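Enquirer: Submitted below is the structure of interest, expressed as structure tokens.
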Amino acid sequence: MILELSHFSAALLFALCASVVFGITQRNTPREMLRYGAYCFALFAAGVIVAGWVMWLIKR
Amino acid sequence: MANTNEVKAKASSAPAQALTAIAIAAPIAGWLVPGAGHIMQKRWIRGLLLMLAVVVLFVVGLGLQGKVYAFNTGDLLDILGFFGDFGTGLLYVVARSMEWGQAVVPHVTADYGTKYIIVAGLLNIVSAVDAYHIASGKKP
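Chains as they are written, first to last, in numbering that gives the first Met the number 0: chain A, 0 to 59; chain B, 0 to 139.
Pasting the structure below:
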């Protein structure tokens, strides 16, 4: 089985899985877990977009 | 000095955590099978979500033709890569015995795959530690 993922989709899948684990393990109640997981995912996704733009600027 | 004595007094008055059988078994089970440490403590949803997250990272990492490190005493990053991979427990044993992740693929997504597999192992260790905290009563 060989998968082909773009950089962005690979980063988002990574962010999703890591956020699930961080949310569950770093907080105590289900509501806090959900909020923290969503927060981590948003930071991951925003970081990917910011890093992409920084690399675009460096390339120019 | 007074503060140091107060800290020592508080530490000695804190109840000692009993090392129960479940507190030993849960992290070991959680390391061997992702999410099992939570599932055996009836945290079904947490356990299944952890299992899904770790297994998806591991399988997608293999699908991206990532490398599974063998035990080695060579380059430092290769040694750390082995310890990261080893964190996936039985998934690592299965991958090594089936000789998955052995091909050298000079492709950028293969490097992603290698990182996916390492991170799956590291996240599984975090999950196993969380299972221990639940078993020992440090976490609800």
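Backbone N, C-alpha and C define an ideal beta-carbon position, used for all residues, glycine too.
Quick caveat, the model's predicted, so the values are computed rather than measured.
Is the separation between the beta-carbon of residue 121 (chain B) and that of residue 86 (chain B) shorter than 8 angstroms?
Expert: yes
Enquirer: Any beta-carbon of chain A closer than 8 angstroms to the one on residue 41 (chain B)?
Expert: no
Enquirer: Under 9 angstroms Cβ-Cβ, which residues of chain A neighbour residue 55 (chain B)?
Expert: 12, 15, 16
Enquirer: Confirm, please, whether the CB-CB distance from residue 130 (chain B) to residue 25 (chain B) is below 8 angstroms.
Expert: Result yes, Cβ atoms of residue 25 (chain B) and residue 130 (chain B) sit closer than 8 angstroms.
Enquirer: Measuring only the C-alpha atoms, how far is residue 125 (chain B) from residue 25 (chain A)?
Expert: 9 angstroms
Enquirer: I'd like the span of the alpha helix (DSSP H) that includes residue 71 (chain B), first residue to last.
Expert: No alpha helix (DSSP H) holds residue 71 (chain B); DSSP gives it neither H nor E.
Enquirer: Let me see if you follow: with CB-CB separation under 8 angstroms, is residue 51 (chain A) close to chain B or not?
Expert: no
Enquirer: Counting only Cβ pairs nearer than 7 angstroms, list the residues of chain B close to residue 1 (chain A).
Expert: In chain order: 62, 64.
Enquirer: Assuming residue 5 (chain A) is part of the alpha helix (DSSP H), what are its boundary residues?
Expert: Where residue 5 (chain A) is concerned, there is no enclosing alpha helix (DSSP H), given that its DSSP letter is neither H nor E.
Enquirer: Hey, residue 49 (chain B) and residue 33 (chain B): beta-carbon distance below 8 angstroms or not?
Expert: yes
Enquirer: Using a beta-carbon distance below 8 angstroms, is residue 0 (chain B) in contact with chain A?
Expert: Note that residue 0 (chain B) has pLDDT 47, beneath the 50 cutoff, so the model's placement of it is unreliable and the number below is only indicative. Chain A, which has no Cβ nearer than 8 angstroms to the Cβ of residue 0 (chain B), makes this no.
Enquirer: What residues from chain B crowd round residue 4 (chain A), counting only those whose CB sits closer than 7 angstroms?
Expert: 63, 108
Enquirer: Is residue 53 (chain A) closer than 8 angstroms to residue 7 (chain A) when the C-beta atoms are compared?
Expert: No, Cβ-Cβ distance for residue 7 (chain A) and residue 53 (chain A) is not below 8 angstroms.
Enquirer: Applying a beta-carbon distance threshold of less than 9 angstroms, which residues of chain A neighbour residue 22 (chain B)?
Expert: Result: empty, since nearest Cβ-Cβ is about 16 angstroms, beyond 9 angstroms.
Enquirer: Roughly how far, in whole angstroms, is the beta-carbon of residue 39 (chain A) from the beta-carbon of residue 17 (chain A), given that I think they are within contact range, below 8 angstroms?
Expert: Yes, they are in contact, since the Cβ atoms of residue 39 (chain A) and residue 17 (chain A) sit about 7 angstroms apart, within 8 angstroms.
Enquirer: Taking one C-beta from the region 37 to 48 of chain B and one from the region 64 to 84 of chain B each time, how about it: are there three or more such pairs within less than 8 angstroms?
Expert: Not touching, per the Cβ criterion.
Enquirer: With a threshold of 8 angstroms between beta carbons, is residue 13 (chain B) in contact with chain A?
Expert: With a pLDDT of 48 at residue 13 (chain B), under the threshold of 50, the modelled position of that residue is not reliable, and the figure given next carries that caveat. No - not a single Cβ of chain A is within 8 angstroms of the one on residue 13 (chain B).
Enquirer: Thinking C-alpha only, which one of A:22, A:44, A:42 is nearest residue 34 (chain A)?
Expert: A:22
Enquirer: I'd like to know whether the C-beta of residue 44 (chain A) is nearer than 8 angstroms to at least one C-beta of chain B.
Expert: Output row for residue 44 (chain A): interface = no.
Enquirer: Our contact map puts residue 63 (chain B) next to residue 2 (chain A) with C-beta atoms below 8 angstroms; I'd like the distance itself, whole angstroms only.
Expert: 5 angstroms
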